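*Asks:* I am attaching a structure below and will ask some questions about it afterwards.
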Amino acid sequence: MTFAETYAAWQADPEGWWMERARAIDWDRFPTRALDDSRAPFYEWFPDGMVNTCHNAVDRHVANGHGDRTAIIWDSPVTGNKARISYAELQTRCAALAGALAERGVTKGDRVVIYMPMVPEALIGMLACTRIGAIHSVVFGGFAAHELATRIDDCRPKAVLAGSCGIEPGRTVPYKPLLDRAIEEATHKPDFCIVLQRDACRADLIEGRDHDWAEAVAAATPAGCVPVEANHPAYILYTSGTTGQPKGVVRATGGHLVALNWTMKAVYNVDPGEVFWAASDVGWVVGHSYICYAPLIHGNTTVVFEGKPVGTPDAGTYWRVISEHNVRSFFTAPTAMRAIRREDLDAEALKDYDISCLRALYLAGERADPDTIEWAGRVMGVPVYDHWWQTETGFAIAANPTGIEPLPVKIGSPTVAMPGYDVRILAEDGTEKQPGELGAIAIKLPLPPGTLPTLWNADERFRKSYLSTFPGYYETGDAGMKDDDGYLWIMARTDDVINVAGHRLSTGLMEEVIATHPDVAECAVIGVRDDLKGQLPMGFLTLVRGRNRDHDEIARECVQLVRDQIGPVAAFKLAVVVERLPKTRSGKTLRATMARVADGDTFTAPATIDDPRILDEIRDAMRPLGYPRQGAAD
């Protein structure tokens, strides 16, 4: 079938189409129907099915005679270590860790926080939880203690699986002290922690609460797979909200299995047994969907990479991994390609490696600028496909369906909506825009299997955050348009969540942190363009009257505050003291206008601005930070 025929088949019979996709999964009880809409807009897929994620990702491949196939390749240039884990070995290790959790009281429905570096045990921890019906919540390794504490209080885990440290170029980051501080700060206290000791920095274990990973696993009785309802949560993954409270995206088990399994061939064009590499981290949704779950569910080999695109040891490390491990399909963020390009513009390092095994490069997580796409395609000699999705959706909303029918690439567009997604461009009043007209990007309900059914313990917040603006639609928070060919174009965010190297971060949360500084009276954080990371946060601080301390020192203290409270992932380094902020007469800070000034875009001062001269003051204040950008306008 062509892609047009495939999409039309889904449109004609959405439930029947997904039921057919469900047959590719092993069920303990096959569902009798696809969709339960009795509680709309809280939809449930495959409501009467019973299934287990770990069985589908691990055990079934062993049972089908593929136990010797490599499941995980661990490649760690920061430590110099490599390892291969077969499906049979993965089954043994998952069963043992699941047993260690079960023997300490973890049962179906209990939550387990996972706070790990990029090691195979991170995936084993995720799979072990799903094996016994526990719900995991992975928090990015090294995340600040305060942010970890908020997640502990929200999901109330019975246990924590943690690494003793993370290893980065030139430094080791101890995780255990951060975990200890988070547990001390949190109101909820986990019953126990299991800690993976790494030689680079071994952790002190607290007697009675902490257990050594190797010892706990060695002493455990292996646990079998526990069937769960299809709507049972596999995991909770926190994403930035526009307030200080993170949003716990829920992923229901059955739909997750069905949707991810389908995407491996349809979107990424890989067959079982082939090597797939997503260069991300398990702390993000890409790491969940395309390092851990989708490749293993589909029977592929997945690469777990502990390193950076440059500096571990050089700009050729990605090419080495692709060549050495015979990677067929490679998925990363545009930021990684920009970093390699900045370090090695002519791709001299690529001459040392043969990457002819690679079929295609897939980019997502942030806007893929044309220069980066064109450079990557030229030096790598493969098609480059942009695609668009969100933590909330778990897999691509729009993509190029290369495993069904490769469509012509339009640089700047993630191509077309995938089956399951009825994407509309809407005006503020909810009417549909014409091709070429900019509007809010929304998806007609119900969302497909594998997407979020709700937020953790926050149904009303789910409704308010995503469903209230356009009744009957999921609001993506992005603005864009469709062209005459149905291609989607993502133009901008419609809220204050900015995209830093593929990580969605709330400027509002940063403002809340900065506002705690005793010298700061008011502040605004905006997202400004950056050639490497796509966007960076920039903070503007007004001071309490009478404060005459050094302004640069205050700015540095605010940068450190954000680093301590949110973590280095915020990439908050640009801050400056200003006399006043540009505002409307009603008191609204003109953040979008400030961003246009910083980016060097043309703009007209809003008619409602209190004093247009303030924009000149803001422009002057930016200059020591390297802004406004020259010639940055698109």
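Residue numbers 1 to 634, in full-length UniProt numbering, belong to the letters of the sequence shown in order. Even for Gly, the Cβ is constructed at its ideal location relative to N, Cα and C. Since we're looking at a predicted model, the values are computed, not measured.
Should the segment 11 to 29 be called in touch with the segment 42 to 56, which here means at least 3 C-beta pairs below 8 Å?
*Replies:* yes
*Asks:* To the nearest angstrom, report how far apart Ser-86 and Asp-371 are at their CA atoms.
*Replies:* Numbered from 1 along the sequence shown, position 86 holds the residue referred to as residue 86. Numbered from 1 along the sequence shown, position 371 holds the residue referred to as residue 371. Each residue's alpha carbon lies about 39 Å from the other.
*Asks:* Can you give me the C-alpha to C-alpha distance between Val-249 and Asn-457, rounded to a whole angstrom?
*Replies:* By 1-based counting over the sequence shown, the position of residue 249 is 249. By 1-based counting over the sequence shown, the position of residue 457 is 457. Going by the C-alpha atoms only, they are around 10 Å apart.
*Asks:* Closest to Gly-403 by C-alpha separation, out of Gly-365, Arg-545, Trp-262, Ala-294, would be which residue?
*Replies:* For the purposes of this step, residue 403 is taken as residue 403 along the sequence shown, with counting starting at 1. Here the closest residue by C-alpha is Trp-262.
*Asks:* In the DSSP assignment, find the unbroken alpha helix (DSSP H) run with Gln-535 in it and report its ends.
*Replies:* Taking the first residue of the sequence shown as 1, we reach residue 535 at position 535. Not the alpha helix (DSSP H): Gln-535 falls in the beta strand (DSSP E), residues 534 to 543.
*Asks:* Pull the bridge partners of Ile-443 from the DSSP assignment, please.
*Replies:* Counting from one through the sequence shown, the residue named residue 443 turns up at place 443. Paired residue(s): Val-423, Tyr-474.
*Asks:* If the criterion is Cβ atoms closer than 8 Å, does the pair Gly-163 and Met-116 meet it?
*Replies:* Walking along the sequence shown from the start, residue 163 turns up at place 163. Walking along the sequence shown from the start, residue 116 turns up at place 116. It is a contact, given that the beta carbons lie within the stated cut-off.
*Asks:* Hey, could you find the ends of the beta strand (DSSP E) Asp-371 is sitting in?
*Replies:* Position 371 of the sequence shown, counting from 1, holds the residue named residue 371. From DSSP, Asp-371 is part of no beta strand (DSSP E) but of the alpha helix (DSSP H) over 370 to 380.
*Asks:* Could you give the DSSP three-state label for Asn-261: helix, strand or coil?
*Replies:* Working through the sequence shown from its first residue, we reach residue 261 at position 261. Residue state, collapsed to three classes: helix.
*Asks:* Apart from the five residues on each side of it in sequence, which residues of its chain come closer than 8 Å, Cβ to Cβ, to Pro-568?
*Replies:* Within the sequence shown, residue 568 is the residue found at index 568, counting from 1. Gly-142, listed in sequence order.
*Asks:* Under 8 Å between C-beta atoms, does Asp-191 make it to chain C?
*Replies:* The structure shown contains no chain C; it holds only a single protein chain.
*Asks:* What's the gap between the Cα of Asp-429 and the Cα of Thr-469?
*Replies:* For this step, residue 429 is matched to residue 429 along the sequence shown. For this step, residue 469 is matched to residue 469 along the sequence shown. One C-alpha to the other measures close to 9 Å.
*Asks:* Taking Cβ positions, are Leu-161 and Ile-206 nearer each other than 8 Å?
*Replies:* Position 161 of the sequence shown, counted from the start, is the residue given in the question as residue 161. Position 206 of the sequence shown, counted from the start, is the residue given in the question as residue 206. No, the pair does not count as a contact, with Cβ atoms beyond the cut-off.
*Asks:* Kindly indicate the opening and closing residues of the alpha helix (DSSP H) around Arg-320.
*Replies:* Position 320 of the sequence shown, counting from 1, holds the residue named residue 320. Arg-320: member of the alpha helix (DSSP H) spanning 317 to 325, first to last residue.
*Asks:* Going by beta-carbon coordinates alone, are Asp-210 and Thr-187 separated by less than 8 Å?
*Replies:* Within the sequence shown, numbered from 1, the residue matching residue 210 stands at position 210. Within the sequence shown, numbered from 1, the residue matching residue 187 stands at position 187. Cβ distance not < 8 Å, so Asp-210 and Thr-187 don't count as in contact.
*Asks:* According to the neighbour-count rule (16 or more other Cβ atoms, all chains shown, within 10 Å of its Cβ), is Ala-8 buried or exposed?
*Replies:* Taking the first residue of the sequence shown as position 1, residue 8 is located at position 8. With fewer than 16 other CB atoms across the displayed protein chains lying within 10 angstroms of its CB, Ala-8 is exposed.
*Asks:* Can you check which of these residues, Asn-300, Ala-40, His-517, is closest to Gly-472 by C-alpha distance?
*Replies:* In the sequence shown, the residue the question calls residue 472 occupies position 472. The option with the nearest alpha carbon to Gly-472 is Ala-40.
*Asks:* Let me confirm a value: Ser-38 is counted as buried when at least 16 other C-beta atoms fall within 10 Å, else exposed. Which label applies?
*Replies:* Within the sequence shown, the letter at position 38 stands for residue 38. Its Cβ having fewer than 16 others within 10 Å, Ser-38 is exposed.
*Asks:* Please state if the CB of Val-106 and the CB of Ser-159 are separated by a distance shorter than 8 Å.
*Replies:* What you label residue 159 is simply residue 159 of the sequence shown in a count that begins at 1. What you label residue 106 is simply residue 106 of the sequence shown in a count that begins at 1. Sequence check: residue 159 is Ala here, not Ser. Cβ atoms of Ala-159 and Val-106: closer than 8 Å.
*Asks:* By a C-beta neighbour count over all protein chains shown, 10 Å radius and 16 as the cutoff for buried, is Pro-190 buried or exposed?
*Replies:* Taking the sequence shown and counting its residues from 1, the one referred to as residue 190 is at position 190. With 16 or more other Cβ atoms within 10 Å, it is buried.
*Asks:* One question on the structure: do Val-51 and Asp-28 come within less than 8 Å of each other, judged by their Cβ atoms?
*Replies:* If you number the sequence shown from 1, residue 51 lands on position 51. If you number the sequence shown from 1, residue 28 lands on position 28. Closer than 8 Å, so yes.
*Asks:* Would you call the CB atoms of Ile-526 and Met-510 closer than 8 Å?
*Replies:* Looking up residue 526 in the sequence shown gives position 526. Looking up residue 510 in the sequence shown gives position 510. Result no, Cβ atoms of Ile-526 and Met-510 do not sit closer than 8 Å.
*Asks:* If we call anything under 8 Å between Cβ atoms a contact, is Cys-94 one with Arg-60?
*Replies:* If you number the sequence shown from 1, residue 94 lands on position 94. If you number the sequence shown from 1, residue 60 lands on position 60. No, the Cβ-Cβ distance between Cys-94 and Arg-60 is not below 8 Å.
*Asks:* Give the DSSP bridge partners of Asp-13, in chain order.
*Replies:* Counting from one through the sequence shown, the residue named residue 13 turns up at place 13. None, per the DSSP bridge assignment.
*Asks:* Val-282 and Gly-394: beta carbons closer than 8 Å?
*Replies:* In the sequence shown, residue 282 corresponds to position 282, counting from 1. In the sequence shown, residue 394 corresponds to position 394, counting from 1. In this structure, Gly-394 does not lie closer than 8 Å to Val-282 by Cβ.
*Asks:* Which two residues bound the contiguous beta strand (DSSP E) that contains Gly-248?
*Replies:* In the sequence shown, residue 248 corresponds to position 248, counting from 1. Its beta strand (DSSP E) spans residues 247 to 252.
*Asks:* For a quick check, are the C-beta atoms of Thr-302 and Phe-276 less than 8 Å apart?
*Replies:* Numbered from 1 along the sequence shown, position 302 holds the residue referred to as residue 302. Numbered from 1 along the sequence shown, position 276 holds the residue referred to as residue 276. Yes, the pair counts as a contact, with Cβ atoms nearer than the cut-off.
*Asks:* Would you say Ile-441 and Tyr-421 are within 8 Å of each other, going by their C-beta atoms?
*Replies:* Numbered from 1 along the sequence shown, position 441 holds the residue referred to as residue 441. Numbered from 1 along the sequence shown, position 421 holds the residue referred to as residue 421. Not in contact: Ile-441 and Tyr-421 (Cβ atoms no closer than 8 Å).
*Asks:* Alpha carbon to alpha carbon, how far is Ala-149 from Val-112? Give it in angstroms, no decimals.
*Replies:* Position 112 of the sequence shown, counted from the first residue, corresponds to residue 112. Position 149 of the sequence shown, counted from the first residue, corresponds to residue 149. Computed Cα separation, rounded: 14 Å.
*Asks:* Might you give, ordered along the chain, the residues of its own chain that have their beta carbon closer than 7 Å to the beta carbon of Arg-181, omitting 5 neighbours on each side?
*Replies:* For the purposes of this step, residue 181 is taken as residue 181 along the sequence shown, with counting starting at 1. Short of 7 Å from the beta carbon of Arg-181, and not among the five residues preceding or following it, lie these beta carbons of its own chain, in chain order: Ala-145.
*Asks:* Contact check, Ala-234 vs Ala-100 under 8 Å by CB: the rounded distance?
*Replies:* As a working mapping, residue 234 is identified with position 234 in the sequence shown. As a working mapping, residue 100 is identified with position 100 in the sequence shown. About 20 Å separates the two Cβ atoms, so there is no contact after all.
*Asks:* Which residues bound the alpha helix (DSSP H) around Arg-341?
*Replies:* Taking the first residue of the sequence shown as 1, we reach residue 341 at position 341. Note, Arg-341: alpha helix (DSSP H), 334 to 343.
*Asks:* The alpha helix (DSSP H) with Val-513 in it runs from where to where?
*Replies:* Counting from 1 along the sequence shown, the entry for residue 513 is found at position 513. Annotation for Val-513: the continuous alpha helix (DSSP H) segment containing it runs 507 to 514.
*Asks:* Can you give me the start and stop residues for the beta strand (DSSP E) that Trp-277 sits inside?
*Replies:* One-based indexing of the sequence shown puts residue 277 at position 277. Looking at the DSSP string, the run of the beta strand (DSSP E) that includes Trp-277 is 275 to 278.
*Asks:* Go ahead and pull the three-state DSSP assignment for Ser-137.
*Replies:* Your numbering for residue 137 matches position 137 in the sequence shown. For Ser-137, the secondary structure class from DSSP, reduced to helix, strand or coil, is strand.
*Asks:* Please report the distance separating the alpha-carbon of Ser-586 from that of Gly-439.
*Replies:* To locate residue 586, count along the sequence shown from 1; it is residue 586. To locate residue 439, count along the sequence shown from 1; it is residue 439. Residue placement at Ser-586 is poorly supported in this model, since its pLDDT is 49, which falls under 50; the coordinates still yield a value, given next. Going from the Cα of Ser-586 to the Cα of Gly-439 covers about 26 Å.
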